[in-house]
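The sequence shown finishes on residue 297 if you use the UniProt record's numbering, and the numbering steps up by one all the way, no holes. To keep things clear, I will list the structure first and then write my remarks on it.
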Amino acid sequence: MDKTHDILCIGSVLWDVIGRTDRSMRVGSDVPGRIVRVPGGVAMNIAMALARFGMRPDLLTAIGHDPAGTELMEAAKVRGIGTEHVYLSEDLPTDSYMAVEGANGLIAAIADAHSLERAGDKILRPLADGRLGTVNAPYIGPVALDGNLTTQLLREIATSPLFAKADLRVAPASPGKAERLLPLLDHPRATLYVNLEEAGLLAQTVFESSAEAAQALVEKGAHRVLVTNGGKGASLASGGDVLTQTPPEVLVARVTGAGDTFMAAHIAAEMRGVDATGALTAALEAAALYVSGDTPL
């Protein structure tokens with residue numbers, strides 16, 4: 001089996017096209033700003049952050065065998081991210097994401113991850129054919145899994161012997177896809193990373209705080225969960241214990257990718273052996289640095 005990586009990142013890898021302005025916006029606003037095109041997607045954002053934190057991530061995803069895909073693969077490689085197990089499709093285009101951000105946060109976004117969804121379980125073949133594992137000798141190690149996969153595929157992963165020994169770290173792609181994670185809610189080896197809105201969607205209620213949300217999800221069967229709430233408290237719950245910390249105050253320069261940075265920083269800290277309190281602190285500090293604009297893309 002391949003031993004050239006520390007963690008698998010499974011999910012969306014695509015191009016982000018993001019327009020940013022330092023002005024507040026509303027529907028119909030037309031303001032000056034900057035437009036950037038950068039590698040993105042939840043799995044890619046997590047992988048890039050993990051690489052910055054000294055880990056060696058490897059991607060399991062679908063990328064089109066087209067110029068955009070070739071460029072994206074090269075962008076991953078130069079960032080220290082493994083691509084040898086990526087499913088390259090001859091008939092599906094490389095996915096993309098488009099967002100508009102103002103001084104008052106994310107205004108709107110559209111995720112075109114249809115190729116990943118159509119590729120389905122083809123992206124998981126290396127976990128079954130011996131390259132990364134088999135049914136009888138499943139992959140051992142951390143796996144960052146994102147909610148851009150279809151509900152059906154996430155349901156299969158929840159019960160698949162291919163993931164029986166993996167340390168699953170799971171995040172929704174967006175609040176609109178949070179409920180896709182329900183099959184993994186009570187997985188005995190899964191840690192869920194959600195924001196307050198996503199936690200509410202999973203629990204079908206509205207929460208006032210991250211601590212309340214984290215405890216409620218554990219009571220619903222979650223093995224371990226981390227709930228963020230923007231600049232307010234973030235909470236880790238496991239069993240009957242809840243740990244809450246407040247992130248550093250910073251001026252917000254960007255928001256897309258902040259949750260992925262938080263997740264990656266937390267995983268990297270735990271892989272270094274940092275305790276629960278220290279790992280949560282490290283994750284909050286990394287996310288604050290990211291949203292302030294002081295972390296490179």
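Don't be surprised by glycine CBs; every beta carbon is placed ideally from N, CA and C.
Backbone CA spacing between residue i and residue j [nearest angstrom]
| i | j | result |
| --- | --- | --- |
| Asp6 | Ser29 | 44 Å |
| Asp146 | Pro175 | 12 Å |
| Val135 | His85 | 18 Å |
| Asn229 | Pro126 | 36 Å |
| Gly41 | Thr83 | 15 Å |
| Asp121 | Glu101 | 33 Å |
| Gln56 | Gly80 | Here the sequence assigns Arg to residue 56, which means Gln is not the residue at that position. The alpha-carbon atoms of Arg56 and Gly80 are separated by roughly 7 Å. |
| Leu280 | Ala268 | 11 Å |
| Val36 | Arg254 | 12 Å |
| Ser160 | Tyr139 | 11 Å |
| Arg169 | His223 | 11 Å |
| Arg155 | Asn195 | 21 Å |
| Arg26 | Ile107 | 7 Å |
| Thr244 | Ala119 | 39 Å |
| Val252 | Ser292 | 5 Å |
| His187 | Ile123 | 21 Å |
| Ala75 | Lys165 | 31 Å |
| Tyr87 | Tyr290 | 30 Å |
| Glu90 | Leu8 | 23 Å |
| Met44 | Met271 | 19 Å |
| Leu185 | Leu192 | 8 Å |
| Asp58 | Pro39 | 15 Å |
| Arg34 | Val250 | 21 Å |
| Thr277 | Leu92 | 43 Å |
7 Å CB neighbourhood of residue i in its chain, flanking five on each side removed
| i | result |
| --- | --- |
| Asp22 | Ala103 |
| Gly105 | Val255 |
| Gly233 | Ser209, Ser210, Ala211, Thr244, Gln245, Thr246 |
| Ala258 | Ala287, Tyr290, Val291 |
Residues bridged to residue i (per DSSP)
| i | result |
| --- | --- |
| Ala171 | Asp146 |
| Met98 | Val17, Ile110 |
| Ala234 | Gln245 |
| Gly105 | Gly102 |
| Pro39 | Trp15 |
| Tyr87 | Ala62 |
| Gly82 | Asp58 |
Three-state class that DSSP yields for residue i in the structure shown
| i | result |
| --- | --- |
| Asp58 | strand |
| Asn45 | helix |
| Tyr193 | strand |
| Arg34 | strand |
| Thr4 | coil |
| Thr228 | strand |
| Gly120 | helix |
| Ala199 | helix |
| Ala166 | strand |
Segment limits, alpha helix (DSSP H) that includes residue i
| i | result |
| --- | --- |
| Leu72 | 67-78 |
| Asp241 | Asp241 -> not in any alpha helix (DSSP H); beta strand (DSSP E) instead, spanning 241-245. |
| Arg155 | 151-159 |
| Tyr139 | Careful: Tyr139 lies outside any alpha helix (DSSP H) and carries neither H nor E. |
| Glu285 | 276-291 |
Beta-carbon contacts of residue i that lie in its chain and below 6 Å, excluding the five residues immediately before and after
| i | result |
| --- | --- |
| Ala282 | Ala265, Ala269 |
| Glu179 | Leu201 |
| Ala99 | Ile18, Ala109, Thr256 |
| Val31 | Thr21, Arg23 |
| Met48 | Arg79 |
Endpoints, the beta strand (DSSP E) within which residue i is located
| i | result |
| --- | --- |
| Thr205 | Run containing Thr205: none; DSSP gives neither H nor E here. |
| Thr261 | Where Thr261 is concerned, there is no enclosing beta strand (DSSP E), although the alpha helix (DSSP H) it sits in stretches over 258-271. |
Other residues of its chain near residue i: CB distance less than 8 Å, five sequence neighbours each side excluded
| i | result |
| --- | --- |
| Thr94 | Leu14, Trp15, Ile63, Gly64, Asp66, Ala68, Gly69, Leu72, Ser115 |
| Ala128 | Thr134, Val135, Leu162 |
| Glu117 | Asn148, Leu149, Thr150 |
| Pro172 | Asp146, Gly147, Ala178, Arg180, Leu181, Val194, Glu198 |
| Ala203 | Ala213, Ala216, Leu217, Lys220 |
| Gly141 | Asp6, Ile7, Leu8, Ala166, Asp167 |
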